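Going from the sequence shown to this note's numbering is simple: count from 1 and add 15.
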Amino acid sequence: MKNKIPDQEKVWDRIAQKWKVYRQRASPTVQSFLGENVKLGDKVLDLGCGSGRNFMKVGGKIYGVDFSGEMLEYARKRGERLGLDFELKKSESWDLDFDDNFFDVGICMALLHCIPDKRKRKKTLREFYRVLKKGGVGLVAVWGRGSPRLRNKSKECFIGWTVREGEGKEKRYTYVYDKEELEAELRQVGFKILKSWEERNVNVIVEKV
């Protein structure tokens, strides 16, 4: 990408307040996945949790990880408001401070396409694999060509976000995946693909084998 990429941690810190209003409810895809797979006492990873949009009562403990401190503050408030058993960590997604085979279930929603480095995207998937238990399942979702805003965009682009009127737009880096590409990267780190489908997002359910 020829254009200089702004510091994405600072970008997400700046848009956090408006983002948590925009994204308030767990997506139906996440609700269905967690409802079907989380058992009482399970440890659940929400990698790239943002403002805690996908936090919900699932019978297990939720561990939310994000690199934006501002986003995590809103995630903390949401977790407390919902009365959840949860823990938050500020961390890069490609360098997780968890033991191997720690989580029973994991979700990685709308994170990968925000990482402006191919090696770090792949390392994030390796970390996601590492911290899941053998037999553990995960849901990975990224923006794809099914989204109207990305249909005619290049593979690497910026999606603008207005924080305050008259102040210009924050530049959110976006890498546009296709389904086959994401599936291939998940297989490369060792995952078994259980199910994949494409709507506005590319969604893949995986198992650690």
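Glycine included, every Cβ here is placed at the ideal spot set by N, Cα and C. Because the structure is a prediction, the values reported are computed rather than measured.
Three-state class that DSSP yields for residue i in the structure shown
i      : result
Asn216 : strand
Glu182 : A caution first: Glu182 carries a pLDDT of 48, below 50, which makes its placement in the model unreliable, though a value can still be read off. Reduced to three states, the DSSP call for Glu182 is coil.
Leu209 : strand
Leu111 : coil
Arg166 : coil
Ile30  : helix
First and last residue of the uninterrupted beta strand (DSSP E) at residue i
i     : result
Leu62 : Lys58 to Leu62
Per DSSP, the bridge partner or partners of residue i
i      : result
Trp158 : Asn216
Arg187 : Ile174
Lys223 : Phe206
Gly153 : Gly121 and Val221
Start-to-end residues for the alpha helix (DSSP H) that takes in residue i
i      : result
Phe118 : First-last for Phe118: Phe118 to Met124, but that is the beta strand (DSSP E), not the alpha helix (DSSP H).
Tyr144 : Lys133 to Val146
Lys194 : Lys194 to Gln203
Cβ distance (whole Å) where residue i is taken to contact residue j below 8 Å
i      : j      : result
Lys207 : Val224 : 5 Å
Leu140 : Leu201 : 6 Å
Leu154 : Phe118 : Not a contact, Cβ separation roughly 12 Å.
Gly79  : Phe101 : 6 Å
Tyr144 : Gly65  : No, Tyr144 and Gly65 are not in contact; Cβ-Cβ is about 22 Å, not under 8 Å.
Phe113 : Ala90  : Contact doesn't hold; Cβ gap of about 17 Å is too wide.
Closer than 8 Å to chain D by CB, residue i
i      : result
Phe143 : Looking at the structure shown, chain D is missing, and only one protein chain is on hand.
**Request:** Report the residue ranges of all beta strand (DSSP E) runs contained in full by the stretch 36 to 109; include only those spanning at least 3 residues, in chain order.
**Result:** 58 to 62, 76 to 81 and 101 to 105
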